[in-house]
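Read in order, the letters of the sequence shown are residues 4 to 535 in our numbering.
No residue lacks a Cβ here, since even glycine has one placed at the ideal position from N, Cα and C.
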Amino acid sequence: MDKPLPLLPLFRPWMPEWLVKVVLFSVLLPGLVLFFLPLANTNAAAGYYGSEPADIQFAVALFYSGYAGFYALERRFFQYLATKEYFIVITLLQLAVAYGCYQTQDLYVLFPLRFVQGILFASAVNLSLAFMFTRLRSERAREISFSVFFGMLICALPFNNLVTADLIDSFNFNAVYKGVIFSYVPGLLALLVSMNNIRLDVHFPLRRLDWQSFALYSIVLVLLGYIAIYGQEYYWLADLRIRRSVLAILGLGGLYVLRQRSLKRPYTALAIFRIRNYKIGLLLLFILYLCRFAGGITNGFFATVLRLDPMHVSYLNLLNLAGLVVGVVVAAALTLQQVRIRFIWLAGFGLLLGFHVVMFFLFDTQANEDTFYGPLFVQGLGIGLVMVPTIVFAIASVPVALGPSAAGICLAVRYMGYCASVALLNFFELLEKGRHYSAFQDVLTRTNPVVRHTLDAQAGRLLAHGLAPDRSGKAAAKLLVAAVNGQSQIRYAMDYYELMAWLLVGTLLLVGLLPYLNRTVVYLKSSRLVPA
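Below, the structure written as structure tokens:
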């Protein structure tokens with residue numbers, strides 16, 4: 004086992020180790036909130052910036068691509084700067100960029116700031132977790148720390164919905180950035196007071212930085228997000244911008260691979276792709292992230308069809324949050340008990356399949372809120388069960404020396420899973436929803452006796468409630484259009500959930516039929532292993 008790096012000498016002698024970890028996590032928390040912050044209320048964010056919801060999705064993708072792209076290069080900066088100095092510089096830069104996001108309403112300013120936020124978040128994550136993980140001598144402690152970090156990460160979206168719903172409803176969207184700015188202050192003050200000004204590693208000058216690989220890798224990731232998010236809106240390859248992006252990905256991606264093969268110390272060690280279990284872990288991680296963001300359709304159904312306000316939607320998501328926490332805790336316990344990974348996957352993906360099948364039948368124009376408590380909890384439980392064991396399984400399946408590259412690719416696959424889920428959501432919303440709306444329009448004509456009867460009955464009810472006779476007919480027509488929109492929303496949600504259900508059926512068959520997973524357990528081989 005690798006010799007762990009000292010942690011407490013970095014901090015004042017009077018600080019116990021648990022308090023040190025609290026300080027480190029206080030530095031991480033604002034960045035976790037910023038990660039999916041624009042998705043806390045997509046419509047409010049789009050209205051504030053005068054943009055489309057796709058632009059808000061792209062702002063999240065830019066943060067994610069900056070995080071994934073800078074992960075490998077960040078280690079050089081960690082070795083260049085003293086630890087306290089590095090912590091303070093990163094925190095001040097995060098605070099400054101958050102202030103820039105608070106001040107701007109221009110998307111062309113916001114987009115690069117979001118990418119820089121992702122870069123700084125990568126630095127904060129690697130630095131904080133490096134010192135926590137390298138102190139952990141036992142597999143039990145490392146597994147618990149993995150679970151805590153990834154549990155916080157997958158809880159970020161429902162947590163953001165809860166804490167920002169009332170704030171966004173009462174103020175402009177940028178008020179949430181003001182809250183984030185103030186949340187950096189306690190962590191910064193704690194660092195200034197508690198840390199010693201010492202250096203634990205040898206000072207390495209910033210020479211021969213592989214910024215070329217970073218640039219190629221990051222551009223490819225950004226373009227993947229651009230194509231996934233805007234592709235359906237621009238009709239994919241029919242649009243020149245999408246065609247150029249695809250060609251750029253192929254050219255830059257090929258150049259990146261050739262460069263890694265020629266470097267003595269590659270940015271990404273391509274040898275990891277020759278390991279069978281690692282590739283299986285990446286595939287299941289990608290499928291998990293496709294299913295994870297299906298909650299966006301559920302929230303859209305709550306808001307559009309059931310007419311719930313953002314606060315009530317956030318309260319419903321508390322059940323999902325509770326499921327996530329329980330799932331992560333149970334997964335950590337099962338992993339520590341050396342339970343075979345196949346059983347954990349079958350349980351987790353089975354719960355996700357149950358959620359999608361049940362929700363398929365629950366989509367309706369009317370429903371009670373308590374109907375969805377169980378399914379939302381089950382979805383969170385399934386994601387929590389699968390998330391941490393899958394990442395640990397993938398990273399632990401490679402030799403220790405390849406761990407950083409394996410962690411970096413896991414991060415990139417999670418990013419691609421997010422992009423693919425957004426692409427599917429946009430496809431079903433823009434194309435399938437429009438197809439269902441057109442099908443309804445073909446039937447709902449004024450010559451249809453059922454439609455005429457419905458319009459007359461609706462107009463009569465409006466007249467009975469005091470609406471003027473000359474306006475009741477128009478109001479009844481508007482109500483019919485609203486009902487058609489609600490039905491289109493339900494139909495496209497059902498189509499998406501049906502697709503996810505079949506995907507999960509295939510996943511369960513894959514896991515169940517892979518013979519060499521029958522005796523596979525997950526364990527961490529090195530205390531140097533740092534998650535991405």
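Whether residue i touches residue j by CB criterion (8 Å)
i, j, result
"Val92", "Gly190", "no"
"Ile278", "Ser408", "no"
"Ser131", "Pro33", "no"
"Tyr376", "Tyr67", "no"
"Leu65", "Ala159", "no"
"Ala231", "Cys413", "no"
"Val223", "Tyr180", "no"
"Pro56", "Ala62", "no"
"Val316", "Asn177", "no"
"Leu511", "Gly387", "no"
"Leu322", "Leu379", "yes"
"Phe366", "Ala496", "yes"
"Tyr270", "Ala125", "no"
"Val26", "Ala251", "no"
"Phe358", "Gln492", "no"
"Gly406", "Phe217", "no"
"Asn199", "Lys267", "no"
"Gly2", "Val331", "For residue 2 there is no data in the structure shown, the boundaries of the chain being 4 and 535."
"Gly385", "Leu355", "yes"
"Leu84", "Val100", "no"
"Leu288", "Gly411", "no"
"Trp348", "Val514", "yes"
"Gly383", "Ala325", "yes"
Backbone secondary structure at residue i - three-state DSSP
i, result
"Asn163", "helix"
"Ala535", "No answer about Ala535 holds up, because its pLDDT of 46 lies below 50 and its placement is not dependable."
"Met4", "Confidence is the limiting factor: at Met4 the pLDDT is only 38, short of 50, which leaves the residue's position unreliable, though a coordinate-based value still follows. Met4: coil per DSSP, three-state reduction."
"Leu266", "coil"
"Ala178", "helix"
"Phe39", "coil"
"Thr338", "helix"
"Thr271", "coil"
"Asp298", "According to the sequence shown, residue 298 is Gly rather than Asp. Looking at Gly298 - three-state DSSP - the assignment turns out to be helix."
"Cys158", "coil"
"Gly515", "helix"
"Ser186", "helix"
"Val308", "coil"
"Pro19", "coil"
"Ala486", "helix"
"Arg494", "helix"
"Thr368", "coil"
"Arg78", "helix"
"Ile252", "helix"
"Asp109", "coil"
"Arg117", "helix"
Closer than 7 Å: residue i CB and nearest the ligand SAM heavy atom
i, result
"Thr271", "What this structure holds is no ligand at all, so the ligand SAM is not there to describe."
Residue environment, residue i, which counts as buried when at least 16 other CB atoms sit within 10 Å
i, result
"Pro392", "buried"
"Ala297", "buried"
"Asp5", "With a pLDDT of only 42 at Asp5, under 50, the local geometry of the prediction cannot be trusted, and no value is derived from it."
"Ala47", "buried"
"Glu236", "exposed"
"Gln97", "buried"
"Pro402", "exposed"
"Pro313", "buried"
"Thr167", "buried"
"Asp58", "buried"
"Val425", "buried"
"Ala404", "exposed"
"Trp544", "The structure shown does not extend to residue 544, since the chain spans only 4 to 535, so no value can be given for it."
"Thr368", "exposed"
"Leu195", "exposed"
"Ala43", "buried"
"Asn371", "exposed"
"Leu516", "exposed"
Limits of the alpha helix (DSSP H) - the one that residue i falls within
i, result
"Gly228", "214-233"
"Arg417", "406-430"
"Pro378", "376-399"
"Gln60", "56-73"
"Tyr237", "Taken as a continuous stretch (DSSP letters only), Tyr237 belongs to no alpha helix (DSSP H), as it is neither H nor E."
"Gln106", "86-106"
"Val403", "First-last for Val403: undefined, no H or E at that position."
"Leu349", "344-365"
"Gly50", "45-52"
Cβ of residue i within 8 Å of any chain D Cβ
i, result
"Ala231", "As a matter of chain content, chain D is missing from the structure shown, which is built from one protein chain."
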